[in-house]
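Chains as they are written, first to last, in this note's numbering: chain A, 5 to 355; chain B, 5 to 355. For glycine and all other residues, C-beta sits at the position ideal for the given N, C-alpha and C. Predicted, not measured: the structure shown is a model, and the values here were computed from it.
Shown next, in the form of structure tokens:
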């Protein structure tokens, strides 16, 4: 019966099954920034559109989301978008010149925080959810699609500094000086993030990942104050049956992640993945190949991939990924070799 | 007798005594980048000289080294210089435009590494050691002077990328692709660093600190390969009686530091200082106030300072410092409040 066939297919996406620690046919693999500049077909699209256009033209966003799936057969797609995509609707003017995002009217006072508007993302940025619908339709239930957002602390970094930073010290200084405004800002960003993730799930995404890309600059006390409560609130507020919620608090020691409540934690290459797995159980782990390995000899990247896979043998709640995004000069052939190494290693092993 | 008096003074610098875990009158304090842009008297000097001029004009380097000692009474001075100061003598053209250092002929091949010249720092950059002599003379044995260098991995980051980077992935890629050239590069940089530190000690410095500022981007295996052996070799090669050797491998978990052999380890604000102390014993620890606290309300900075001091009560091998350099917009009054809080907390406590 066709209905049964469809259900069986849905129930056996290795990525979804692995995120819940259920039996699956092979270790699933995807890569952060797999839809990106390292792909010639991406650069071709990018040459015709600004970055924001790519995020906000549904056909374009869907196309670049699908490119790595077609080429490499990853076990999950992730919608092409940006963590800052809903900030303009809140009143922050984001632009994307060369050299990284800028916010033209960054937050400089408590009054600036008060002025930030609450948003209904489905009305403010319908293009993102339209892109998800198009992508899900194209994927035809063969590959699950991940939606994502930035964590409130990471979004507040950009909102306060107005541009990238190594240490985000002005963000921290703002929060020390304006503790009440900081809480208001983090809560407003959490509200928007929750609505954004739920709208992505409503549009057909099968999983979500929350990127706290800059949490690694925080002390433990500050992570407890500005990171964890908001991550935890988002996780709780988007929870649905069979929908994995993944948290990537980049640079944060895994011992600090307890209590967030995610199904999976993405970890970087400085972390021992088996040690993190043992600590975070019953949650699972995702990671953690250093993307710099993909710039070196392909055989070295494959050897490191196998080393990670072997270290994680018998740990079923595991998704192979990088410890950070694919770097632009990465040869696509090396990505392919790594994906093939993951699939070859594990075929039949954990079914 | 005057000789005895001098010896007694030398023997009771709290900074030196604390570095060896010997009794001392109060917890010593100094701050990374204490000679820097946050001081109006530094900016006054800086307005008349380029950065490289400041490093290579002995009177100027000595003057800015002394400024924070005069103003705040820190327990140690650190010579004003730069970790890249000897690279030009090796054949790398370093310039310091706005936005950070650049190397005009960065290393792109194994042949480039082979061409790097061995150096005799005392001949190549005599100005640095002359600055140390002038400074030591001015300090008149009241305050010890720290010399410093960059660690080979951190120097190789600049040598290979030619400019700053967030993740130093091209450095790592170069090392994966050219493992033999990487070893040669790290060894050449270690040789120069050893000669540079020894020349600083010969000129009168009382302690040295090795800055591995970018070791935090490395996986444990890569730190074992590219970080630790060279740090360890430098430590061994500069060892002298009563001269503390401090290592700051920024962002590296303290558990990875065992075996380097330093007397003290500087740690950042993400580290639990008491936990690091227990782990690294018999070595000591230095740190670890988040410099961002100095941008917030002074009373918060003082409260955090006291929290660190209380957490380290009874741990005698401890020097108070920041977890990273003083940030340029720091109010000097806040630095003063922190120095006073350290001295007030501990007066008479550990004698």
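Span of the beta strand (DSSP E), counted from its first residue to its last, around residue i
| i | result |
| --- | --- |
| residue 213 of chain B | 211-216 |
| residue 22 of chain A | From DSSP, residue 22 of chain A is part of no beta strand (DSSP E) but of the alpha helix (DSSP H) over 18-23. |
| residue 91 of chain A | Run containing residue 91 of chain A: none in the beta strand (DSSP E); it sits in the alpha helix (DSSP H), 91-94. |
| residue 322 of chain B | 322-326 |
| residue 253 of chain A | 249-253 |
| residue 36 of chain A | Note, residue 36 of chain A: premise wrong, no beta strand (DSSP E); not H, not E. |
| residue 319 of chain A | No beta strand (DSSP E) contains residue 319 of chain A, which DSSP labels as neither H nor E. |
| residue 270 of chain B | 268-270 |
For residue i, the first and last residue of its enclosing alpha helix (DSSP H)
| i | result |
| --- | --- |
| residue 282 of chain A | 277-284 |
| residue 179 of chain A | 173-181 |
| residue 239 of chain B | 232-242 |
| residue 131 of chain A | 130-143 |
| residue 306 of chain B | 302-315 |
| residue 71 of chain A | 62-76 |
| residue 296 of chain A | Counting along the chain, residue 296 of chain A falls outside any alpha helix (DSSP H), and DSSP gives it neither H nor E. |
| residue 164 of chain B | 156-165 |
| residue 49 of chain B | 44-50 |
| residue 117 of chain B | 114-119 |
Beta carbon proximity, residue i to chain B, threshold 8 angstroms
| i | result |
| --- | --- |
| residue 335 of chain A | no |
| residue 100 of chain A | no |
| residue 190 of chain A | no |
| residue 155 of chain A | no |
| residue 223 of chain A | yes |
| residue 331 of chain A | yes |
| residue 345 of chain A | no |
Among the options, the one whose alpha carbon lies nearest that of residue i
| i | options | result |
| --- | --- | --- |
| residue 164 of chain A | A:242, A:223, A:117, A:333 | A:117 |
| residue 340 of chain A | A:318, A:230, A:302, A:174 | A:302 |
| residue 230 of chain B | B:258, B:218, B:345 | B:218 |
| residue 249 of chain A | A:45, A:202, A:317 | A:202 |
| residue 319 of chain A | A:283, A:329, A:61, A:330 | A:283 |
| residue 35 of chain A | A:147, A:324, A:297, A:42 | A:324 |
| residue 77 of chain B | B:149, B:329, B:310 | B:149 |
| residue 64 of chain A | A:136, A:79, A:19 | A:136 |
| residue 134 of chain B | B:259, B:120, B:69 | B:69 |
| residue 278 of chain A | A:314, A:254, A:161 | A:314 |
| residue 4 of chain B | B:288, B:237, B:50, B:44 | Residue 4 of chain B lies beyond the range of chain B shown here (5 to 355); nothing can be said about it. |
| residue 173 of chain B | A:331, A:345, A:338, A:347 | A:331 |
| residue 84 of chain A | A:55, A:107, A:100, A:193 | A:55 |
| residue 127 of chain B | B:204, B:183, B:86 | B:204 |
| residue 152 of chain B | B:215, B:58, B:166 | B:215 |
| residue 191 of chain A | A:157, A:209, A:168 | A:157 |
| residue 197 of chain A | A:265, A:105, A:86, A:223 | A:86 |
| residue 39 of chain A | A:31, A:256, A:81 | A:81 |
| residue 154 of chain A | A:89, A:329, A:240 | A:89 |
Chain A contact for residue i (CB, 8 angstroms cutoff)
| i | result |
| --- | --- |
| residue 41 of chain B | no |
| residue 52 of chain B | no |
| residue 96 of chain B | no |
| residue 162 of chain B | no |
| residue 328 of chain B | yes |
| residue 277 of chain B | no |
| residue 5 of chain B | Below a pLDDT of 50, predicted positions are generally treated as unreliable, and residue 5 of chain B, at 34, falls in that range; the measurement from the model is reported next regardless. No, residue 5 of chain B lies away from the interface with chain A (no Cβ there is under 8 angstroms from its Cβ). |
Same chain only: Cβ atoms within 6 angstroms of residue i, ignoring 5 sequence neighbours per side
| i | result |
| --- | --- |
| residue 8 of chain A | Because residue 8 of chain A carries a pLDDT of 38, less than 50, the predicted location of this residue cannot be relied on, and no value is offered for it. |
| residue 261 of chain A | 269 |
| residue 186 of chain B | 179 |
| residue 221 of chain A | 171, 172 |
Close beta carbons around residue i, own chain, < 7 angstroms, minus the five adjacent residues each side
| i | result |
| --- | --- |
| residue 12 of chain B | The predicted model places residue 12 of chain B with a pLDDT of 39, which falls under 50 and marks its position as unreliable, so this point remains unresolved. |
| residue 17 of chain A | 148 |
Contacts around residue i, its chain only, beta-carbon distance under 8 angstroms, and the 5 residues preceding and following it disregarded
| i | result |
| --- | --- |
| residue 292 of chain A | 270, 271, 272, 273, 275, 277, 312, 325, 326, 327 |
| residue 239 of chain B | 214, 249, 251, 264, 265, 266 |
| residue 41 of chain B | 47, 50, 332 |
**Prompt:** Which residues, in order along the stretch 300-315 of chain A, keep a beta-carbon less than 7 angstroms from a beta-carbon of chain B?
**Reply:** 300, 301, 304
**Prompt:** Quick one, which residues of the stretch 283-298 of chain A are near chain B if we go by CB-CB under 8 angstroms, in chain order?
**Reply:** 294, 295, 296, 297
**Prompt:** Taking Cβ-Cβ distances below 7 angstroms as the criterion, which residues of the stretch 248-273 of chain A are in contact with chain B?
**Reply:** 273
**Asked** For the stretch 163-180 of chain B, which residues have a beta carbon sitting closer than 9 angstroms to at least one beta carbon of chain A?
**Response** 168, 170, 171, 172, 173, 174, 175, 176, 177, 178, 179, 180
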